[in-house]
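Same order as they appear, the protein sequences are chains A and B.
Using the UniProt record's numbering, you'd call the opening residue of the first sequence number 1 and step up by one each time.
Using the UniProt record's numbering, you'd call the opening residue of the second sequence number 1 and step up by one each time.
Where is the CB? At the ideal position from N, CA and C, for every residue including glycine.
Remember, predicted model here, so these are calculated numbers, not experimental data.
The block underneath contains the structure these notes are about, expressed in structure tokens.
Number of protein chains: 2
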Amino acid sequence: MRAYNFCAGPAALPTAVLEKAQAEMLDWHGKGLSIMEMSHRSKDYVAVAEKAEADLRKLMNIPENYKVLFLQGGASLQFSAIPLNLLGKNDKADYIHTGIWSEKALKEAQRYGDIHVVNAGIQIDGKHAISAQSEWDLSADAAYVHYADNETIGGLQFASIPETDKPLVCDYSSSILSAPLDVSKFGLIYAGAQKNIGPAGLTLVIIREDLLDQAKPEIPSILKYSDQAKNGSMVNTPSTYAWYLSGLVFEWLLENGGVDAMHQTNLEKAKLLYGYIDSSDFYANPIVEANRSIMNVPFTLANADLEKQFLQEAEANHLLNLAGHRSVGGMRASIYNAVPLEGVQALVNFMDDFAKRNG
Amino acid sequence: MRAYNFCAGPAALPTAVLEKAQAEMLDWHGKGLSIMEMSHRSKDYVAVAEKAEADLRKLMNIPENYKVLFLQGGASLQFSAIPLNLLGKNDKADYIHTGIWSEKALKEAQRYGDIHVVNAGIQIDGKHAISAQSEWDLSADAAYVHYADNETIGGLQFASIPETDKPLVCDYSSSILSAPLDVSKFGLIYAGAQKNIGPAGLTLVIIREDLLDQAKPEIPSILKYSDQAKNGSMVNTPSTYAWYLSGLVFEWLLENGGVDAMHQTNLEKAKLLYGYIDSSDFYANPIVEANRSIMNVPFTLANADLEKQFLQEAEANHLLNLAGHRSVGGMRASIYNAVPLEGVQALVNFMDDFAKRNG
């Protein structure tokens with residue numbers, strides 16, 4: 001039996017996707033071999049890879065002057081690849097700091113150039129929030145402005161896309177495909193696959209073509225966006241099975257109404273869970289309403305001594321992976337696209353029952 | 001029906017491994033979720049990851065003073081990571097050049113230091129060979145000596161391990177686990193998984209501990225061997241599903257007699273195929289006997305116009321992916337561990353029939 005999986009990443013995948021992958025695991029489309037046993041340059045595999053890109057372009061309405069790259073190494077390797085590719089001659093960029101992931105990105109960038117840090121994480125009435133852009137001192141000569149749309153650990157999300165005339169570079173690892181997005185506002189969007197796209201081992205980079213050719217001389221060759229763009233992300237062997245599975249997720253999204261439909265369900269899920277937390281004296285969420293993530297919902301129990309019991313009982317009720325990140329503790333429910341509304345309802349029912357028994 | 005798959009990589013995997021992965025795809029060990037939907041830091045996943053490493057250590061008899069890293073990016077990212085980690089203060093290394101892959105490695109290394117190239121690819125009576133070490137002018141002050149044990153494209157393999165007092169660094173992508181190996185002779189062994197280990201998207205690095213702490217300052221952080229070693233290859237999210245599948249392959253190898261047994265079968269397979277080619281006027285292999293790869297067997301047809309027909313008829317006979325690499329043409333049968341002796345026998349039978357009909 002499949003449980004409801006609230007893991008922050010590697011995260012839940014749609015059951016229908018896993019069933020399809022399972023059915024074709026040993027013999028893909030009657031070809032006598034698994035898709036993971038095929039050359040990445042074979043006609044069959046290239047068709048799978050290209051369809052995945054075409055479906056993603058459809059889902060996100062990606063303009064033609066953007067390249068889509070299917071890379072390895074996670075968002076963390078992009079923390080290095082982005083400054084190495086984009087800092088350019090000024091060697092300067094602005095990084096908006098809102099939590100643990102945007103901090104990791106900026107610390108790595110500081111190894112390669114002059115990084116101006118904008119501390120945008122603030123407290124309003126004891127709750128975490130992101131400051132208004134009017135309070136940021138952005139640089140006049142930054143090569144780009146970097147931020148993380150959704151802080152997976154903190155559960156803190158931007159309410160809107162920052163405005164700037166510089167290329168905007170954004171880590172969308174935990175919120176890509178969760179809501180409609182105007183890609184044309186960005187210079188580069190990147191995302192580790194293991195939250196809302198597919199399995200770990202794949203990283204998406206969506207980059208505006210005019211930004212491709214500026215890499216620093218010391219960049220490891222396969223990190224060069226220009227080379228990967230020219231070679232269809234196949235400068236070397238890509239993570240073929242993860243790419244294929246992500247393609248199945250994109251098909252599943254299209255069959256289920258695309259990003260708009262997913263967004264509506266995500267809003268319902270978030271409303272249900274935050275609504276219950278807000279109505280309860282037993283649970284609390286530490287984020288101001290405007291910056292609450294619709295993907296990662298951290299919450300605390302009135303009595304922290306009950307956390308272990310909460311997690312054990314949740315697991316017995318087939319509600320998995322609700323522990324908060326090891327760096328912050330507490331609880332966290334990640335409610336990505338693959339977690340259905342029924343899963344969130346089951347979680348709320350359990351939370352309510354637990355509170356009544358222990359409150 | 002499963003065909004015999006002679007792809008050079010991503011390559012055939014053992015059918016028993018794919019069957020096991022298929023069976024547990026939606027619900028791993030009754031836990032209610034797929035192994036690919038689990039946090040890499042969960043107790044269950046860490047146990048899987050650690051068992052894979054322990055099994056590999058058993059299979060390869062890896063000494064305790066070596067670390068085993070499960071990384072992303074392919075051998076090609078290691079082409080950058082190796083000089084960035086190991087060139088040290090001398091900034092100098094020797095690279096033995098025997099073919100396309102060792103050339104790619106040395107070209108990338110040249111971007112980071114003073115690389116002395118030893119051209120060891122020679123011709124003997126019109127056949128490709130590797131020159132004797134006595135003819136190499138190795139440097140006195142190299143930080144390490146790099147070579148590729150087996151040139152996957154050329155089908156050219158070292159007959160023995162070079163002797164040197166410098167740390168020996170070897171690309172074992174297409175020959176790891178195909179024969180017993182004295183790991184203690186090496187400073188570092190690396191291998192892309194997609195040939196003899198598992199699916200694409202995972203790269204093994206086996207490194208002697210005293211070499212860990214010498215990275216250049218400009219190295220992207222997640223490429224630092226020291227950090228990955230300290231963090232159990234989990235500085236960031238690893239390629240969890242590929243790691244799990246590789247673990248299943250290691251289990252399968254142990255259940256089937258380990259590397260010694262595999263080596264005996266590999267020798268039989270190679271003897272059968274090379275023996276047939278040598279006995280035929282219709283087929284030819286361009287490598288001297290001492291340097292013939294036991295994993296990748298390139299061969300040509302007496303009449304190159306018949307290549308397309310050969311490939312089509314082979315495919316109709318469930319013998320897949322026999323085309324040579326696009327850079328060299330001709331044919332190539334990759335006969336990795338997962339290709340059984342019966343597969344090679346079926347290939348030889350087909351080749352013989354084809355030659356009789358077209359010779």
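Among the options, nearest to residue i - alpha-carbon criterion
i	options	result
G192/B	A290/B, V339/B, S175/B, F186/B	S175/B
A261/B	I207/B, P180/B, I197/B	P180/B
S178/B	L341/B, T265/B, Q309/B, G88/B	T265/B
A355/A	A284/A, V288/A, P220/A	A284/A
G154/B	F186/B, R326/B, E342/B	R326/B
L168/B	L156/B, G187/B, A159/B	G187/B
L257/A	K185/A, N337/A, H318/A	The question names Leu, but residue 257/A is Gly in the sequence shown. Nearest option by C-alpha distance: N337/A.
Y276/B	D352/B, G198/B, M38/B	D352/B
residue 377/B	L223/B, E218/B, Q214/B	The structure shown does not extend to residue 377/B, since chain B is modelled only from 1 to 359, so the question has no answer here.
V68/B	S279/B, A23/B, S233/B, A323/B	S233/B
V339/A	L212/A, N119/A, D44/A, A12/A	A12/A
V297/A	I335/A, H116/A, A109/A, Y144/A	I335/A
A148/B	D141/B, W136/B, I161/B, L138/B	I161/B
N119/B	A129/B, N90/B, G113/B, D125/B	A129/B
G291/A	V344/A, L319/A, E135/A, S131/A	This sequence places Asn at residue 291/A; Gly is not what is there. Of the candidates V344/A, L319/A, E135/A, S131/A, the one whose C-alpha sits nearest the C-alpha of N291/A is S131/A.
G89/A	Q214/A, K185/A, K31/A	Before going on, a small fix: residue 89/A reads as Lys here, not Gly. Of the candidates Q214/A, K185/A, K31/A, the one whose C-alpha sits nearest the C-alpha of K89/A is Q214/A.
G329/B	G343/B, N317/B, F299/B	F299/B
F158/A	K230/A, Y244/A, V288/A, V348/A	V288/A
A242/A	N321/A, G32/A, L18/A, M1/A	L18/A
Q123/B	G99/B, A142/B, Q110/B, E103/B	G99/B
A47/B	G32/B, W28/B, E64/B, N65/B	W28/B
L253/A	L56/A, R208/A, L211/A	L56/A
K166/B	S134/B, Q194/B, L211/B	L211/B
M331/B	P286/B, G359/B, I115/B, G343/B	P286/B
W101/A	N236/B, Y190/B, S139/B, Y66/B	N236/B
Beta carbon proximity, residue i to chain A, threshold 7 Å
i	result
A302/B	no
M331/B	no
E108/B	yes
Q194/B	yes
N26/B	Before going on, a small fix: residue 26/B reads as Leu here, not Asn. At least one chain A Cβ lies under 7 Å of L26/B.
Neighbour flag for residue i against chain B, beta carbons, 7 Å
i	result
S246/A	no
Q264/A	no
V342/A	Just to set this straight, residue 342/A is Glu in the shown sequence, not Val. By this cut-off, E342/A is not an interface position.
N337/A	no
P199/A	yes
L177/A	no
S76/A	yes
I80/A	Reading off the sequence, residue 80/A comes out as Ser, not Ile. Cβ-Cβ to chain B under 7 Å: yes for S80/A.
R292/A	no
Q72/A	yes
Whole-Å CB distance - residue i paired with residue j, under 8 Å assumed
i	j	result
T240/A	M25/A	Actually they do not touch by this definition, with Cβ atoms about 14 Å apart.
A52/A	D171/A	Not a contact, Cβ separation roughly 21 Å.
Q150/A	S293/A	According to the sequence as given, residue 150/A is Asn; it is not Gln. Rounded, the Cβ-Cβ distance is 5 Å, consistent with contact.
L202/B	K269/B	Actually they do not touch by this definition, with Cβ atoms about 25 Å apart.
V183/B	M60/B	6 Å
A200/B	P14/B	Wrong, their Cβ atoms sit about 16 Å apart, outside the cutoff.
K216/B	L84/B	5 Å
A323/A	L311/A	6 Å
N4/A	L347/A	Looking at the sequence itself, residue 4/A is Tyr, so the reference to Asn does not match. Between L347/A and Y4/A the Cβ distance is about 7 Å, and since that is below 8 Å, they are a contact.
P220/A	Q72/A	About 12 Å; that fails the 8 Å criterion.
G113/B	A93/B	6 Å
* Asked: When Cβ atoms are compared, which residues of the segment 211-244 of chain A fall closer than 8 Å to chain B?
  -> Listed in sequence order: P217, E218, P220, S221, I222, L223, V235, N236, T237, P238, S239, T240, Y241, A242.
* Report the residues of the segment 295-322 of chain B with a CB closer than 7 Å to any CB of chain A, ordered along the chain. => Residues passing the 7 Å Cβ filter: H318, L320, N321.
* Contact set between the segment 31-54 of chain A and chain B, restricted to residues whose Cβ is under 8 Å from the partner -> Correct list: K31, G32, L33, S34, M36, E37, M38, S39, H40, R41, S42.
* What are the complete beta strand (DSSP E) segments, minimum 3 residues, inside the segment 35-99 of chain A? -> For the beta strand (DSSP E) assignment, the uninterrupted runs of no fewer than 3 residues enclosed by the segment 35-99 of chain A are, from N- to C-terminal side, 66-71, 92-97.
* For the segment 112-146 of chain B, list the beta strand (DSSP E) runs that are entirely contained and at least 3 residues long, ordered along the chain. => Segments of the beta strand (DSSP E) lying fully in the segment 112-146 of chain B: 114-119, 121-124, 127-130.
* Complete runs of the alpha helix (DSSP H) confined to the segment 242-302 of chain A [at least 4 residues] -> Correct list: 258-279.
* Asked: Using a beta-carbon distance cut-off of less than 8 Å, what residues from the segment 2-24 of chain B approach chain A?
  -> Cβ contacts with chain A: R2, A3, N5, C7, A8, G9, P10, A11, A12, L13, T15, L18, E19, A21, Q22.
* Complete beta strand (DSSP E) runs within the segment 153-205 of chain A (minimum length 3 residues, chain order) -> Note on the segment 153-205 of chain A: whole beta strand (DSSP E) runs with a minimum of 3 residues are 168-171, 188-192, in chain order.
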